[in-house]
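A.B. asks:
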Amino acid sequence: MPTPNSESEDSSCRLASFDEALGLPPAPSELIEQAARAVRQEYRDCSKWKRMTCEKVSVVVESERGIIHVVHVDGAVDFDWTWEGATAFRPKSEAGLVNVVDYSDPELIHETALWSGEILEVDEQNGCLFISLDNPEVTPVPGEFSVRPFEFLATLNTIYNDEVFAEVRNEELDRRLNASCGGIHPVVRRQSKFSLPELENWWQYSWSVLWGPPGTGKTYTTGRQVAAAIEDPAERILVVSTTNQATDAVAISIGNAIRQHDSAASAIEEGLVQRVGKGAAWQAYRKAKLADMLRGTESALLAEMDKLGKKLASAESTQDRAMMRMHLQQLRDDCSDCSKKAFLDPDVSVVVATAFKAVSLIKDEFIAAMVNESRAPFTTIIIDEAGLISRSAVAALSLLASDRVVLVGDSKQLAPISRIARVLPSRQAKWLSSSGVTHLEDVDTDVSGVHLLSQQYRMHQEIGDIVSSYQYGGRLTTSQSVRERKTEIPGSIIAFARALWCVLDEEEVGIDQIRASRGPANKSWIRAATPAVLQKLFEEDEFKSSHGLFITPFKAQADSVAALFAKWKATSWQASTVHSQQGAESDIVIFDTVNAGNVTWPVHEWQRLVNVALSRAREAVIVLASRSEMDEPHLRTLKHLLKPAILKRSESGFAWQDIQDLADTLSQPMVREARSDYALDPSSKKTTRTHSMPRIKKEGRDSEAENWTPKHRLGDQFASRRTMHPVLSREQQRLSGLDLDGKPRLVRGVAGSGKSVVMANWVARISEGIGNALDEGYRIWTVYSNRSLHKLLQDSILAAWEERQQGGLFAAKPFPWRNVSLMHVKDVLESILPEVGLSAHDFGFEYDLAAETFLQRNGGQGIEERCNALFIDEAQDMGPSMLRLLLSLVQQTSVADPNSRSANIFYDNAQNIYGAGTPKWSDYGIDMRGRSTIMRESFRSTKPIIEFAVNVLDHLSETEEHHELVDLGLLKEVIRGGNSWLQVGFNQVSGPRPHFQACPDIDSQLKVLGDHLVHLLTAEAVSPNDICILYNGKHVVEAVMNALTPRLAAFDVELSHQVGQSFQRRSNTVLITTPNSFKGYEAEVVLIPCADQFVGAGYRVLAKSLYVAMTRARSILAIYSMDPNSRSSGKPTFSFGRTHRQVAEVLQECAALVEL
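Residue numbering for the sequence shown follows the numbering used here, beginning at 3 and increasing consecutively.
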């Protein structure tokens, strides 16, 4: 039986203290190291002040609570629940605002602030911060201010990495981390009968989960369980939740339940149950007649401070003002101590607080000493909304309980980290983006210590059945009260379907309108077709006056629709993101997927988003999505559960029309980006691009000892993403559908923007006309300068052709290869040079010189036209004479119009690795005015990778080509770490930062490279096919092959060197090649050894070649180089002079800056 320890250093007070007795089994010792590293890295990455602009300030006056200031923020800001409890402040000096990073001490903030306060609540929908001021005499004003939204993470970092908590880390924290991963449910040391009857057996475990799917009453059940348990005199319970709103909800549920217990009803009036923290909504407690739960807490003191502040403003006497200020300071001090007193007061039986408040109090000297001695101030902690709280935070919170840890949540709803990220590092994925309930997957498996709430009380049965089938294996049932509930929603919906899919492809808009495009300031995503659909729906007055919620994963779309609702005066509707609506509900929900392809979240996170969106609906749900979006793995199931329909004009307005057979009503082809796999080696019977990891021997200890679950490893994250389809963006779709009028077009774009995809779709579109509108002899040439691109282009064109053939009335036609030629520039030269007595063999790789010589010998005579349409891929790699020659080979259909040539050019000067000058197209006899497009979004690499590459290129390049992108708003010149930096605006996908390793010599560099490669293959389960090594120089590839070939062979992995050809590889092949050969391709992981060797003849830095190499990486980029301070490479074949040192210095500098 837990025994409170009443002794303390201050004999005048008693401290609640219980000996730890969770009974958790021993855990692998490396768990604490993994979690600590994950927390430390996340803290380093995210511990940045956010500089914001206050547009206006308003106030919310609550008579008992005082004044809360509402700061309206300019611009789109991504809030989450961890902002609650953070500090917002405005330094008195402008220098203080610039050097805000210096403000880490709360006292310094208080002393130097023009105004400061604690964020009580965030309103993402309206861009508002609700702030309780530290000093009521000074209020926020419009202008810039800063927010420190990382205190929660800072406290976790202290617990996991500070010396103060070394003892508890060594003795307890690893066991709790292990338990947070699931499957560990020891029996509690003291059996208790004080429980709800249906939960009595479950209550007997020291680590348990109350699994509550949407609408099943998690909060209500928690309240009743606490009310039953409070009658146990040996219990002392802490209940925590995420936001102040969620914390109030569970606190009020507990209060209501306690009042219904005759034997415990007086507990609230006696002060035995307290809701601590500044953010409690006093009005809600007063309305529920539970204001006694706030007696003596921060909320009560805040009201007193506000009253005193008003008196201070009108006080005339200097002495009175001084006394009032002293009283205010005392109240501030008391306010900071309130929660601590409640936490340690053994006479308080139940404390309810936010998770942030609870974690922050662990740092208190008394509580810190207590947990280091394996004691705790509570017997039980109940963690509400546990699905939103990371495993590392759960383990830290569990230090506050001695006997029982209860997690209340749902693994199928939102997770702790829900940012748009390509992949997450394994440690981060396990300890920060996974919660203590993430392991709960199979609802059909009964596990001791896990209780499933299976009856839902929110959704109409038709919707509830869909949600149940979608995520809960059909286990959810609908309560009798819901089945008998009367509804007041439009009859047009009731008569048609409660759950339907509005098939956007059938809307009377262009196909590019249903594709996603970037929102304001190039952030988030919007869909242009949505307003037209909403306008049809809102023509019906009954629908417009319904209580409704428009919900989407993307803030830009939510903001856009919110503005529409305001314009239409649809006051009973609101628009919001999915992330801010967990726990909310509405009669009608419209869920707009906007961009359900693989450029946003992984499959499992999308499933959570969709589940939350659908389950907000009480009476009806409408999903807005295209067909290609519904083909994604996270939406495919819903195709058979939702009723597909379209709004059609009828006599009385718009009405829903059923779409019975989707295949028969396909009005437009769905164009998807095709990603070509590498060619299969004929000697191998294995598939080239496998989703499962080939068997690889382990080096040293078994990688499973690291306790990774499959979904956390990089290889498994890559495999999961491959199940998703890359749907074209609005920009790509618009260009793919552009009118090809037989005149020149120029497409430019940043690396990874999809230029080749657009080209493949144009080739497929023109090819469709052969034999119909076009003559059977029509010739299409696609010319490239990199032989390894041949198969990639071929596969891309075929994929585009097959997509366009789908849904037709007749069988798909074979692609007309007899009319379409894929030609390397040398193939073109070999066919034409003999006409003037030249041979391509005589010129080697000097293709531009060969073309120049041909044109000179031709002497201005007419050149025979060889093709009707010409496509030039990677045109920046071709010199001016080669471009002039190619353009002369395409047919000019009108003698009077030199622009009547179907010449389609794809170009990116940043990848101009041969140094060819920027063409002036009029010199080639073509007019590109109004016929040029810049593709403004990069989809290949993550933002950290592309930003690193852009800045390396800018620092190493002698030209200033970035100015055009700055003018277009795609790059922004900023100061970072005191250095100039280009901030990327054309990519918003986060991911791991590039890894740069400086080594003292070549041998150590190759050793580090080999270690990293083995780690990726074994511990991270990355498929060899997902890894590519890019190098510059024969001496580099020889050294790498010699060092790594035998080492990889020990794991049955082949290192294959291939250049200038279409790549052939088995499933166990790691490719090593040059950046030039790999242009147009991509790999999940790119490793660049000896990066300082990107130096050409005449000691010219090959900056663009290095840029090409870096931008081939989709998810992981690792670069290895000599240390700039090294004297020599240690090998005679490796030069390390001034230019090589310059490359190493720039890489090291940019790697440091990208971390800031």
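We put the CB at the ideal spot given by N, CA and C, even for glycine.
Bear in mind that the values here come from a model prediction, so they are computed numbers and not experimental data.
Establish whether the CB of residue 1031 and some CB of chain C are separated by less than 8 Å.
C.D. replies: Given the protein chain composition of this structure (a single chain), no chain C is represented.
A.B. asks: For the candidate residues 231, 896, 38 and 238, whose alpha-carbon lies nearest to that of residue 163?
C.D. replies: For the residues 231, 896, 38 and 238, the minimum Cα distance to residue 163 belongs to 38.
A.B. asks: Given a cut-off of 8 Å on the beta-carbon distance, is the pair residue 524 and residue 988 in contact?
C.D. replies: Contact: yes.
A.B. asks: Within a Cβ cutoff of 7 Å, which residues of the same chain sit near residue 491, ignoring the five residues on either side of it in sequence?
C.D. replies: Hits under 7 Å: 548, 589, 590, 621 and 622.
A.B. asks: Figure out for me which residue from 438, 415 and 416 has the closest Cα to the Cα of residue 407.
C.D. replies: For the residues 438, 415 and 416, the minimum Cα distance to residue 407 belongs to 438.
A.B. asks: Considering residue 646, what are the terminal residues of the beta strand (DSSP E) in which it resides?
C.D. replies: Residues 645 to 652.
A.B. asks: Cα separation between residue 1069 and residue 791?
C.D. replies: Computed Cα separation, rounded: 20 Å.
A.B. asks: Is the beta carbon of residue 416 closer than 8 Å to that of residue 451?
C.D. replies: No.
A.B. asks: May I have the straight-line CA-CA distance separating residue 117 from residue 74, to the nearest angstrom?
C.D. replies: Spanning the two alpha carbons is a distance of roughly 15 Å.
A.B. asks: When you compare only the Cα positions, how much space is there between residue 976 and residue 982?
C.D. replies: Going from the Cα of residue 976 to the Cα of residue 982 covers about 6 Å.
A.B. asks: Our contact map puts residue 850 next to residue 890 with C-beta atoms below 8 Å; I'd like the distance itself, whole angstroms only.
C.D. replies: Contact flag wrong, Cβ pair sits at about 15 Å.
A.B. asks: How would you write the range of the alpha helix (DSSP H) that residue 171 sits in, first residue to last?
C.D. replies: Run containing residue 171: none; DSSP gives neither H nor E here.
A.B. asks: Using the beta-carbon count (16 or more within 10 Å), is residue 949 buried or exposed?
C.D. replies: Flag for residue 949 reads buried.
A.B. asks: Using only the alpha-carbon positions, how far apart do residue 879 and residue 910 sit?
C.D. replies: Distance between the alpha carbons of residue 879 and residue 910: 9 Å.
A.B. asks: Please report the Cβ distance between residue 1085 and residue 1029, rounded to the nearest whole angstrom; I am assuming they are in contact, meaning their Cβ atoms lie under 8 Å.
C.D. replies: About 6 Å separates the two Cβ atoms, so the contact holds.
A.B. asks: Less than 7 Å between C-beta atoms, sequence neighbours within five positions excluded: which residues of the same chain meet that for residue 1148?
C.D. replies: Only 954, 957 and 958 meet the Cβ criterion.
A.B. asks: Can we say the segment 196 to 215 touches the segment 421 to 434, given the rule of at least three CB pairs closer than 8 Å?
C.D. replies: Contact between the segment 196 to 215 and the segment 421 to 434 is absent, because fewer than three Cβ pairs lie under 8 Å.
A.B. asks: Do the CB positions of residue 912 and residue 1109 come within less than 8 Å of each other?
C.D. replies: A contact, by the Cβ cut-off of 8 Å.
A.B. asks: Taking the alpha carbon of residue 1063 as the point to measure from, which residue in 1071, 1052 and 1076 has its own alpha carbon closest?
C.D. replies: Closest option to residue 1063, Cα to Cα, is 1076.
A.B. asks: What residues match up with residue 906 in a beta bridge as DSSP calls it?
C.D. replies: The partner list for residue 906 (beta bridge, DSSP) reads 747 and 873.
A.B. asks: Starting from the C-beta of residue 290, find all residues in its chain whose C-beta is less than 6 Å away, skip the five residues before and the five after it, and write them out in chain order.
C.D. replies: These residues qualify, in order along the chain: 254.
A.B. asks: According to DSSP, is residue 150 part of a helix, a strand, or is it coil?
C.D. replies: Three-state DSSP puts residue 150 in a strand.
A.B. asks: How about residue 418 and residue 392: do their beta carbons lie closer than 8 Å?
C.D. replies: Yes.
A.B. asks: If contact is defined by three or more beta carbon pairs under 8 Å, each pair taking one atom from either stretch, is the segment 921 to 930 in contact with the segment 741 to 758?
C.D. replies: Touching, per the Cβ criterion.
A.B. asks: Do residue 872 and residue 901 count as a contact pair if the criterion is CB distance below 8 Å?
C.D. replies: No, Cβ-Cβ distance for residue 901 and residue 872 is not below 8 Å.
A.B. asks: Should residue 1156 be labelled buried (16 or more other beta-carbon atoms within 10 Å of its own) or exposed?
C.D. replies: Counting Cβ neighbours within 10 Å, residue 1156 comes out buried, since at least 16 surround it.
A.B. asks: Where does the unbroken alpha helix (DSSP H) through residue 977 begin, and where does it stop?
C.D. replies: It is not in any alpha helix (DSSP H) - residue 977 instead sits in the beta strand (DSSP E) that spans 973 to 978.
A.B. asks: Specify, as a first and last residue, the run of the beta strand (DSSP E) that residue 658 falls within.
C.D. replies: Counting along the chain, the beta strand (DSSP E) containing residue 658 begins and ends at 655 to 660.
A.B. asks: Roughly how far, in whole angstroms, is the beta-carbon of residue 1095 from the beta-carbon of residue 1059, given that I think they are within contact range, below 8 Å?
C.D. replies: With a Cβ gap of about 16 Å, residue 1095 and residue 1059 do not count as contacting.
A.B. asks: For residue 157 versus residue 316, is the C-beta spacing smaller than 8 Å?
C.D. replies: Cβ atoms of residue 157 and residue 316: not closer than 8 Å.
A.B. asks: At which residue ranges does the segment 219 to 264 contain complete alpha helix (DSSP H) runs of 4 or more residues, listed in the order of the chain?
C.D. replies: Counting only runs of 4 or more, we get 220 to 231 and 246 to 261.
A.B. asks: Please determine if the segment 540 to 556 and the segment 604 to 623 are in contact, where contact requires at least 3 C-beta pairs separated by less than 8 Å.
C.D. replies: Yes, the segment 540 to 556 is in contact with the segment 604 to 623.
A.B. asks: Considering only DSSP beta bridges, list what residue 590 is partnered with.
C.D. replies: Beta-bridge pairing links residue 590 to 550 and 622.
A.B. asks: Output the residue ranges of the beta strand (DSSP E) runs that lie fully inside the segment 1040 to 1114 and measure 3 residues or longer, sorted by chain position.
C.D. replies: Whole beta strand (DSSP E) segments, 3+ residues: 1056 to 1059, 1071 to 1075 and 1085 to 1090.
A.B. asks: Tell me the DSSP bridge mates of residue 985?
C.D. replies: In the DSSP output, where bridge partners are listed per residue, residue 985 has 974.
A.B. asks: Measure the alpha-carbon distance for residue 964 versus residue 1119 and round it to whole angstroms.
C.D. replies: So the two alpha carbons sit approximately 22 Å from each other.
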